[in-house]
Amino acid sequence: MAGGVALTAAALGGLRSAWAQPGFDLEQLMRALAQVRAGEATFTEKRTVAMLERTLESSGRLSFEAPDTFVRETLKPRRERVAVVGNTMTMSLGQRSRTMPLDSVPEAAVIMEAIRGTLTGNRDAIERHFSATVSGTAQRWLLELVPREPRLREQVISVRVAGQQALVREVTVALADGDRSVMSIEPATAAPRGASNPANPANPASAPSAPS
Amino acid sequence: MRAALERLGSFARRTAFALWLIGVLAAAGITSRTNYVADLSAFLPRAPSAEQAVLLDQLRSGIAARLVLIGIEGGTPEARRSASLEFARRLRASGAFDDVHNGDNSQFEATGRFLFDHRYLLSPAVDAQRFGVEGLRTAIEETTSLLGTPAGAMIKPVILRDPTGETVRMAEAMLPAQAPRSDAGVWVSRHASRAVLIATTRADGGDLDAQERALRLLRSSFAPFEAQGLRLIVSGSGSFAVASRAQIKAEVERLAIAGGVAIVALLLLAFGGSLRTLVTALLPVATGVLAGIAAVSLVFGNVHGVTLGFGTTLIGEAVDYAIYYLIQARSAPGTERGAGARHWIDASWPTVRLGLWTSVCGFAALLFSGFPGLAQLGVFSIAGLVAAALTTRWVFTRLAPDGAPGMGLRRHLGAAVGWCTAVLPRLRWPLVALTLLAVFTLAWLPTPWRGDLGALSPVGAAKMALDTELRADLGASDAGTLVAVSAADEAGALMQAEAVGARLDQLVDAGQLAGYESPARILPSPATQQRRRAALPDRDSLRTRLAEATRDGPLPAARLDGFIDDVQAARAQPLLTRAALRGTPLAGALDALLVPGSAERPWRALLSLQAGARPIDAAQLRKALADVPGARVVAIKPELDALYARYLREAGVQALLGALAVCVLLALHLRSWRRLRRIAQPVAAAVLIVLAVLSASGVALGILHLVGLLLTVAIGSNYALFFDQIRDQQEHRLPGSPVTIDNDTLASLALANLTAVISFGLLAMSSIPALFAIGQVVAPGILLSLLLSAAFIAPRRG
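In the order they appear, the protein sequences are chains A and B. Residues in the first sequence are numbered from 28 upward in steps of one, following this note's numbering. Residues in the second sequence are numbered from 1434 upward in steps of one, following this note's numbering.
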């Protein structure tokens, strides 16, 4: 029921925020996002790389579960899977699989932390790695993340996450060499399995808090 | 005739003295040239099998023994970061280290270039299929899919020459599964405010002098950063070994001085401040120590620091001989000069000699020990005691023919022991009950013989904890489980390593293993390289296939001429060997895992395993490797523990044999079961009570406690022998003559006991576990032996 829960949670959380607060900030965005404990979605990614003749396209599934699990499974053009649980990242491609600590590869971690942190509404994780700016409203917001680490900024200019209510809809990564990728996210419509204990979105106090 | 006999006697005495002098001078000469060592590997068992020899060899001088774990603490993260970069740069420039890793990848340029130049020999992905149309298409798609992400930054500059992404595949294979956290380009701790580095000393792990120099250099290189308020922390087996050696050295000096001062003070008190007597009393001690060191040096080629520390206790035991003689040989006033010596030789020397034989029997058990360190203790003790006893017998009788004059403390000591012999026998039954209680305690409690090798290390718990923390930070697994394979040559060893690697890969895929390091990842076997090289197509075929594979792809074949050229060049590339890697940055890493063979032993490849979430199951691993001939799974800690447990059992049997030999010796000499029982009772009771108290207080007993028990028996039996001698003399006195009690002999026993208890008591205060264990057993053991002898073999009073 994660999708349904997510949608309901998103709608209610978003509405509540929109009505209650005129100025929308990171605190409110993260609180709204944190109320969705788990979810699944499909994605399509378009990557523009200067040295290639054409845009690279891929698509697949995303799923996350609080506090710190995020899985990106590419189905096309090739099956590929990246799973991050806590500080462990497992990358699988065909028969090959590699596991490594996420924090030992900062250039991979930067994207993972941005997406996982946003999906799970982990404000601490976001602020630890990025300076974050929120614009828009609870209804339509834009979160701009700039890596705090100067050496990473030499590679990644920014990660921009756009969303509606408690739903992440688009992640745009702009690289320093001009390459960029845009990932569009569609919440899964079919009711998938794997929802953890659904939070009561109407009562934030009873909702499990975001992990720190 | 009589004159001739006297001349002969005098010559014999003079000759004994001259022989003694020559012996002492020779021993002093050997001692001055002796090589002193302090690495604790002497207390590692001599390995019985070749595999275990490799294991111990690895522990002593393998890569693990050369690692230095480094942390930088204090200051701001930025200060730590720049210190890490600059410090690592200095260490690399110093030449004392093969490798210094701190997460700064800029230093890997040379490695990267070497790998890139040899990618078609080294990449695990290269095979004929990969260079077919489908293989090329898939590989190029995979590689291009990395572009446009931060992770693709590495491949981007080279993709036109390496479109199949062999660089990525090599990196994947070589990167460790447990890498440290990287922050701002340097490694940092996950749990503490600390930058972390890992260095490999160029010096062998077993070469402690060189290790010490490397560590000194490390500390002095850090001085400028210390001025900025940063702190350096260092750990690793080399630093432990160097610190242990310094600690043992300082401690042995301290013990020798403290023991010497205490004994000298005691002797001065005992002999009423006579300096001449003091110097005389110390002669057998000095002779014994010199003889001990010289003998060990001659037999083993070096003398261990712990042997020396233990040797200080010989002061306590060897001085006993002097005390026995100087007190017991005192002749009655007015008698002829030398009467005291003659009396002593008649009355006491047989007892002292018997005591010496029993001690030698006890220590002889150590000679057969599988631990070189223990065998040293055995040789040292036997040589030392024999030399001290001979000095007393042959030199003292000439130097001090009438014992020592001063009374000093002796009268009081004699009185005190006299009082003990009056009171203690009344406590005989309570003492028997206490002994029985000890027996029941020992039977009731689980066996206390559960000490392990770790208990021998003088490294403190705090340092061990820091080491564990740094290892966790660095992902430097403490040598846990190894797979060793061997073959006649380099190629064979690498092929074996590949065969093991193929099985391990399955375990990694199944999640039973986090990863492993293999020499074949750095240097594939010639057969594998040959196969890869043979899989590379010629220019025309590659061009044709590439055109097809890139149709409609993002990367047109027209831009991949560099790739085609490189593949053609690779087809003519010579195969890489260990020799070819010399001078490259990969040589160090390879040497850690590939041990060259010689005429006596085969080439050996070591694969070191990293456990995942679950610990490695050695049995399962053995099953997985069952079809690789000669592959051996070595789980280091359990293996060492098993070895140690076996040696502990062996040493226990040796000790029992030693005790049996002592009994047989006594039985043969005394020819009386009653007297044998009389002597054995107090000593056995003392041993049982000490054991019971130690086990009841939860002490884990190990091999050195066993040595302590042997010593207790060796020294304690001397007291029992003297009490027995007194009793025997009383029983064989002329009928009708009064029962006399020899207070002088009693005083000499008390003084001897006091000096020995003091030296072993000092040992019990040592922070070196090996010495502490011995002191902890012997000091109470011999005190009890004296008291129980007094209680059980009390002389009759008139």
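A virtual CB, placed ideally from N, CA and C, is assigned to each residue, including glycine. Values in this document were obtained by computation on a predicted structure and should not be read as measured data.
Residues of chain B with a Cβ closer than 9 Å to the Cβ of A135(A) are, in chain order, T1582, P1583 and A1584.
For I138(A), the C-beta contacts it makes with chain B under 9 Å involve T1582, P1583 and A1584, in order along the chain. Excluding sequence positions up to five before and after T1597(B), its CB lies within less than 6 Å of the CB of A1572, all in the same chain and listed in chain order. Residues are counted here when their Cβ sits less than 9 Å from a Cβ of chain A; for the region 1608-1619 of chain B these are L1608, P1609, A1610, Q1611, A1612, P1613, R1614, S1615, D1616, A1617 and G1618, given in chain order. Residue environment for A1451(B): exposed (fewer than 16 other C-beta atoms within 10 angstroms of its C-beta). With contact defined as three or more Cβ pairs closer than 8 Å, the region 1634-1651 of chain B and the region 1497-1514 of chain B are in contact. In the structure shown, A1762(B) falls within a coil segment according to DSSP collapsed to helix, strand and coil. DSSP places Q1611(B) in the coil class of the three-state scheme, outside both helix and strand. One finds nothing in chain A with a Cβ atom closer than 9 Å to the Cβ of E1931(B); even the nearest lies about 17 Å away.
Considering only L56(A), M139(A) and R196(A), the residue with the shortest C-alpha distance to R150(A) is L56(A). For H1737(B), the pairing in a beta bridge is given by DSSP as V1470(B). With contacts defined by Cβ atoms closer than 8 Å, G1734(B) and K1682(B) do not form a contacting pair. Taken in chain order, the unbroken stretches of beta strand (DSSP E) that lie wholly in the region 1913-1991 of chain B and span 3 residues or more are 1914-1920 and 1948-1950.
Pairing S2130(B) with V2123(B), the inter-Cα distance amounts to about 11 Å. By the beta-carbon neighbour count (other beta carbons within 10 angstroms, threshold 16), E92(A) is buried. If you compare the alpha carbons of E1574(B), L1554(B), D1537(B) and E1575(B) with that of R1966(B), the shortest gap goes to L1554(B).
Burial state of G2149(B) is buried, judged by a 10 Å Cβ sphere holding 16 or more other Cβ atoms.
Here M1603(B) carries a helix assignment [DSSP, helix/strand/coil]. If one requires a minimum length of 4 residues, the alpha helix (DSSP H) runs lying completely within the region 2165-2199 of chain B are 2176-2196, in chain order.
Taking 8 Å as the cut-off, the beta carbon of G1742(B) is found closer than this to the beta carbon of E1684(B). For the region 1555-1580 of chain B, the beta-carbon criterion of a distance under 8 Å to any beta-carbon of chain A is satisfied by T1571, E1574, E1575, T1577, S1578 and L1580.
Under the three-state reduction of DSSP output, P104(A) falls in the coil class, being neither helix nor strand.
Residues of the region 165-190 of chain A that bring their beta carbon within less than 7 Å of a beta carbon in chain B comprise E176, R178, Q182 and V183, in sequence order.
Excluding sequence positions up to five before and after D1922(B), its CB lies within less than 8 Å of the CB of G2030 and W2036, all in the same chain and listed in chain order. Under the 8 Å criterion on CB atoms, E1605(B) is classed as interfacial with respect to chain A. Neighbours of R81(A) in chain B, taken as residues at a C-beta separation under 8 Å, are given in chain order as P1987. Interface criterion met: the Cβ of D1942(B) is under 8 Å from a Cβ in chain A. Bounds of the beta strand (DSSP E) holding Q2043(B) are W2036 to Q2043. Per DSSP, reduced to three states, the secondary structure at G1721(B) is helical. Residue contact check for A2129(B) against chain A: no CB pair falls below 8 Å.
Membership of F1530(B) in the beta strand (DSSP E) is indicated by the continuous run F1530 to H1534.
For T199(A), the uninterrupted beta strand (DSSP E) run begins and ends at L194 to L202, by DSSP. Listed along chain B, the residues sitting closer than 8 Å to D206(A) by beta-carbon distance are L1580 and G1581. Taking a beta-carbon distance threshold of 8 Å, A2051(B) does not count as an interface residue toward chain A. Assigned with DSSP and collapsed to three states, Q2158(B) falls in helix.
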